[in-house]
Structures are given as structure tokens and as C-alpha cells.
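With the numbering used here, the residue at position 91 of the sequence shown is 117, and numbering never jumps.
For each residue, glycine too, the CB sits at the ideal point set by N, CA and C.
Structure first, commentary second.
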Amino acid sequence: NTPGLIRPQFLADSRRLVSLTELSGFRHVHVIDPLYEQVEQFTHGRFEVYPIELSKDRNRLFVTATKDDPTRENVYAVSMVDGSLEKLSVRDGSWSRVAVSPDGSVVLGTY
27 NTPGLIRPQF LADSRRLVSL TELSGFRHVH VIDPLYEQVE QFTHGRFEVY
77 PIELSKDRNR LFVTATKDDP TRENVYAVSM VDGSLEKLSV RDGSWSRVAV
127 SPDGSVVLGT Y
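Structure, rendered in C-alpha cells:
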């Protein structure tokens, strides 16, 4: 997942970029605004976030994260509007090689 850390993607406004950095000491979602030279951390806490992909409308970022337990990676959708996390995986565990449908209604992965 490390290459996703350095591959910024444009958000729906086609101006700001979403990327993952470790500025806080943990891998988290950040929004970069090159025009105003600002970096805003969107996810917070003592856990790691790993990118999957942006939704088709670029308003949600699908990720796996160790939010609930450092030994588990569950699937979440991060709102690129307010930074809230919505848990998508039904079973707690360790998810990998995850694919999410464009509307976020179906999650497929190795459990």
C-alpha cells in the first residue's frame, strides 16, 4: 500500500488533492490545497489508514484501517466533505486485497 501513500488524487472540486501522509506519526488521510498552501488532516487517531480508491464522484475515499484494533484492518469510507469514517466491513477481522463497488454498497476482499 505504500505507493498509494505518494499518489495524490484530485477531489470533486478538481482543485484539492487527497493523499496519505505520516505527518502525525500515523498514516492518515490528508487534503492538500496547493492554491492556499494548506494541508488538512482528515482522519485522526492512533491507527493507520491504507488507501483502496476514491469513489466515482470523488466524495468518499475507500480505505482499510486499524481503527478498532491494531491487529485488524477493517474497510471504511472516509467522507471527503467532513472526514467522518463509515465502517463498511460487516465482520471484524483483517481484510486485504479489497475492492469496493463505485457506490460503496458492496465490499469484496480476502478476510
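| Asked | Found |
| --- | --- |
| Three or more C-beta pairs below 8 Å linking the segment 56-63 and the segment 75-88 | no |
| Cα-Cα separation between D94 and R123, rounded to whole angstroms | 19 Å |
| C-alpha distance - A38 paired with N85, whole-angstrom precision | 6 Å |
| For N85, the three-state DSSP class (helix, strand or coil) | coil |
| Proximal residues to S120 (C-beta, below 6 Å), its chain only, five neighbours per side dropped | R98 and E99 |
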